[in-house]
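Engineer:
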Amino acid sequence: MISLKSLPSQNKQVPNIVPSEISNKSDNRKSIVSTLGSAISNFRKEKLGLSQRGFAEKLGISRHALKIVEGGQSPDYSVGLLEKILGGMGTGVWDFLGNACAHSAGCVLEGSVKGEFHIEHPGDGLKLTSFTPRHKEFFFGLLQVKAKKSALDSKLPKTDYVLFQGFQGKLVFSFNDKEYLLSEEKNLLFRYPAIPKEIYNPDQIRDASCLLFTVPGFI
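Structure, rendered in structure tokens:
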């Protein structure tokens, strides 16, 4: 299922995954260091005022399951469990991802985020730069497609949720024999296996790019 929506309203009470300051001898930049689990944990404590046991009982799940999600101890918990937890917090996966992507996008626009690693497919004109440490809970990066080039689904991440936010230029997403245009500051949300078969940059000269956010991570 594809949703075409704007980023969540700032007055919504959704968990924040915000950039934090880090520093070391060689660099002092913002990095996306919070995990989905810590965001859920903070929201539970600060907004709901519930213990792990109390929140788990409210959700009808085991405390152990909630502990695994909050602690980021395993990449194997189901997205269904994540949806249930977020539902109990009065939000959903879209707001959760959109909120995180909005904060992360601000860092990229400021030029204050250092790319950690790159994945390139020169023949397809595709480049993917990671802006996060290698989290199993989520992935955040910048997807770039060269002028008049296409990125096929075999080169794209296979993960439960994939959120694209237009960053520069325009990209055309092919899905079920239909095409969807992603322009700057617009968004597309896909849930596997309903992911695009191709991403095409129609511009004759300029590269196009979009921010890419996935749950769970795929690196």
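If you count the sequence shown from 1, you need to add 9 to reach this note's numbering.
Note that CB positions come from ideal geometry on N, CA and C, so glycine has one too.
What does the alpha-carbon distance come out to for the pair L95 and F184?
Structural biologist: Between L95 and F184, the C-alpha separation is close to 28 Å.
Engineer: Can you give the Cα-Cα distance for I70 and G226, rounded to whole angstroms?
Structural biologist: Cα to Cα, the separation comes out at about 24 Å.
Engineer: Would you identify the three-state DSSP class for S139, choosing helix, strand or coil?
Structural biologist: Residue state, collapsed to three classes: strand.
Engineer: Using C-beta distances below 7 Å, list every residue in its chain close to Q213, excluding the 5 sequence neighbours before and after it, in chain order.
Structural biologist: A156, K157, listed in sequence order.
Engineer: On the premise that D216 lies in contact with Q153, defined as a C-beta separation below 8 Å, what is that separation, rounded to the nearest angstrom?
Structural biologist: Confirmed, about 6 Å.
Engineer: If you drop the 5 nearest sequence neighbours on each side, which residues of the same chain put their C-beta closer than 6 Å to that of E207?
Structural biologist: If we look at E207 and ignore the five residues flanking it on each side, its Cβ neighbours are S159, L161, S183.
Engineer: Could you spell out where the alpha helix (DSSP H) holding I77 opens and where it closes?
Structural biologist: Note, I77: alpha helix (DSSP H), 72-80.
Engineer: Straight-line CA distance for L191 to P205?
Structural biologist: About 12 Å.
Engineer: Does DSSP put R53 in a helix, a strand or coil?
Structural biologist: Looking at R53 - three-state DSSP - the assignment turns out to be helix.
Engineer: Going by C-alpha distance, which of N196, V171, E194, H73 is nearest A203?
Structural biologist: Comparing Cα positions, the closest option is V171.
Engineer: According to DSSP, what are the bridge partners of N196?
Structural biologist: BP columns for N196 point to Q174.
Engineer: Taking DSSP as the reference, what is the three-state secondary structure of G99?
Structural biologist: Residue state, collapsed to three classes: coil.
Engineer: Within this structure, are the beta carbons of P131 and K179 separated by less than 8 Å?
Structural biologist: Cβ distance not < 8 Å, so P131 and K179 don't count as in contact.
Engineer: Taking the alpha carbon of K76 as the point to measure from, which residue in G134, Q61, L68 has its own alpha carbon closest?
Structural biologist: Here the closest residue by C-alpha is Q61.
Engineer: Hey, out of G150, A48, G58, G63, whose CA is closest to C219's CA?
Structural biologist: With distances taken between Cα atoms, C219 lies closest to G150.
Engineer: Just the C-alpha distance for G97 and Y189, rounded to the nearest angstrom, thanks.
Structural biologist: The alpha-carbon atoms of G97 and Y189 are separated by roughly 32 Å.
Engineer: How far does the beta strand (DSSP E) with G150 in it reach, from first residue to last?
Structural biologist: Per DSSP, G150 belongs to the beta strand (DSSP E) from 148-154.
Engineer: Excluding the 5 residues preceding and the 5 following D169 in the sequence, name in chain order all residues of the same chain whose CB lies nearer than 7 Å to its CB.
Structural biologist: Within the same chain, D169 has close Cβ partners V88, R200, Y201, V224, P225.
Engineer: Any C-beta of chain D sitting closer than 8 Å to the C-beta of K206?
Structural biologist: Here there is only one protein chain, and chain D is not present.
Engineer: Can you tell me which of the three DSSP states K67 falls into?
Structural biologist: In this structure, K67 counts as helix in the three-state DSSP scheme.
Engineer: What does the Cβ neighbour count give for K136, buried or exposed, with the cut at 16 atoms within 10 Å?
Structural biologist: Buried: at least 16 other Cβ atoms inside 10 Å.
Engineer: Considering only residues of the same chain and omitting the five flanking positions on each side of G80, which have a CB-CB separation below 7 Å?
Structural biologist: Closer than 7 Å at the Cβ level, and outside the excluded window around G80, lie G46.
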